[in-house]
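Chemist: Be aware that the sequence shown starts at 1054, since it is given in our numbering, and climbs by one per residue. Beta carbons are placed, not taken as given, at the ideal position from N, Cα and C, and that holds for glycine. Only a predicted model underlies this, so the values are computations on that prediction, with no experimental measurement involved. A single structure is presented below for examination.
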Amino acid sequence: MYKLYRTVVGNVAQYDLLLHNFDAPDLGRPPYGPVTEVQAAQDADVLERLCVGHHTQAKNDPRWQTLYGRAQRPLNFIDATGNLVSARHWTYPCHYCGLVLPEELIQVDHRQPQAHPAVAVLKCLHALGHNYTTAPGQGQKTTLLANIAANNVGALQMIRPNARPWDPWQSAFATNAAKQQRYTITNAGKTFLSICCMFWGEKRTVEICLNSILNLATSCAICNGAAGKGSLTHAA
Ligand SMILES: [Zn+2]
């Protein structure tokens, strides 16, 4: 079993892990995945600020509204006389295909399916950086992380849709080496995750990552049900 240690090195409190051997003393061992207490507290605070509560509440969060392009746009209707007319309504583009839909028809998609919550946890860890994963996150939300956490809506920009075609598509997860590195946890990541589980408990830690702004995207019904994307049970 791994044991979480807190030590003070040169007035700096830090945590690290050790595969605990009950028969051998732990003194003098090298630190395994050390994370300073200050860093861990700061990153845990960021994770909490990024959580929208329940994922259905993302649509009420001004940060998420800005990141996913909520705006009034013209929509086409056929009126009672049979003519094509246009009216402006609050809309979002689907993050995957770019289709503009009224906000009531946009689904909030867990980008990593709830059936595999560990992937959502890794997604949050790599966005935090600090060597918690082999390679850091590279998406726009990773770049905007500090402003999202600080609720600095004015500094946020819309994330461009992927504009994928509607054909079924599969995640390149298994074959993409760079992506695998972003989802490979390091020893420091294990230490930080252990601290989170100690602080919040495992269930709450997973919830915070699943319902993180980092993990929720706009989706039309077709893209939300696409192969490799999980099922419609992830929609709201
Ligand atoms: Zn779509």
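With distances taken Cα to Cα, identify the nearest neighbour of A1168 among V1259, K1112 and Q1110.
Modeler: Out of V1259, K1112 and Q1110, V1259 has the C-alpha closest to the C-alpha of A1168.
Chemist: Taking the alpha carbon of R1102 as the reference point, which residue from I1266, I1275 and V1091 has its own alpha carbon closest?
Modeler: Answer by Cα proximity: I1266.
Chemist: Pick from R1213, A1097, K1056 and C1262: whose alpha carbon is nearest that of Y1149?
Modeler: Checking every option, the nearest Cα to that of Y1149 belongs to R1213.
Chemist: Does the distance between the C-beta of Y1149 and the nearest non-hydrogen atom of ligand 1 fall short of 7 Å?
Modeler: Checking every heavy atom of ligand 1 against the Cβ of Y1149, one is found closer than 7 Å.
Chemist: From the DSSP output, in three-state form, read off A1241 for me.
Modeler: Here A1241 sits in helix by DSSP.
Chemist: Roughly how many angstroms lie between the CA atoms of D1162 and Q1233, to the nearest whole one?
Modeler: Answer to the nearest angstrom: the Cα atoms are 22 Å apart.
Chemist: Comparing alpha-carbon positions, which option in G1135, N1268 and F1130 lies nearest G1106?
Modeler: For the residues G1135, N1268 and F1130, the minimum Cα distance to G1106 belongs to N1268.
Chemist: Is it buried or exposed for R1059, if we count other Cβ within 10 angstroms and need 16 for buried?
Modeler: The residue in question, R1059, is exposed, as its Cβ has fewer than 16 Cβ neighbours within 10 Å.
Chemist: T1187 and T1237 look like a contact to me (Cβ under 8 Å); what is the Cβ gap, rounded to whole Å?
Modeler: With 8 Å as the limit, T1187 and T1237 qualify as a contact, their Cβ atoms being about 4 Å apart.
Chemist: With respect to the beta strand (DSSP E) encompassing L1137, which residues constitute its N-terminal and C-terminal limits?
Modeler: Here the beta strand (DSSP E) through L1137 covers L1137 to P1146.
Chemist: Unbroken alpha helix (DSSP H) runs of length 4 or more, entirely within the stretch 1117-1192: which are they?
Modeler: Those alpha helix (DSSP H) runs which fall completely within the stretch 1117-1192 and span 4+ residues are 1170-1181.
Chemist: Could you tell me whether the stretch 1110-1129 touches the stretch 1191-1211, using the rule of 3 or more Cβ pairs below 8 Å?
Modeler: In short, these stretches touch, since the Cβ pair count reaches three.
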